[in-house]
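Please read the structure below before turning to the comments.
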Amino acid sequence: VLLYGARVGARRFVTIGGALGFAGTVVGAATGLPISLALVGGAAH
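Numbering (UniProt numbering), first residue to last: 1 to 45.
Here is the structure:
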């Protein structure tokens, strides 16, 4: 029972970690894109 609980807990932890990582990537892309575009646009001008 302990092994099963640990396995389910680990899977849940991995799922949460994956969701957080995905959310972080989305937020990073959303905030990083305008900045990089502004830098590229500024360099182009």
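Beta carbons: idealized from backbone N, C-alpha and C, even for Gly.
Own chain residues within Cβ distance below 8 Å of residue i, not counting five before or after
| i | result |
| --- | --- |
| L2 | none |
| L25 | First, the residue type needs correcting, since residue 25 is Thr and not Leu in the sequence shown. Same-chain partners within the cutoff: there are none. |
Cβ shell of residue i (< 7 Å), same chain only, five flanking positions each side left out
| i | result |
| --- | --- |
| V40 | none |
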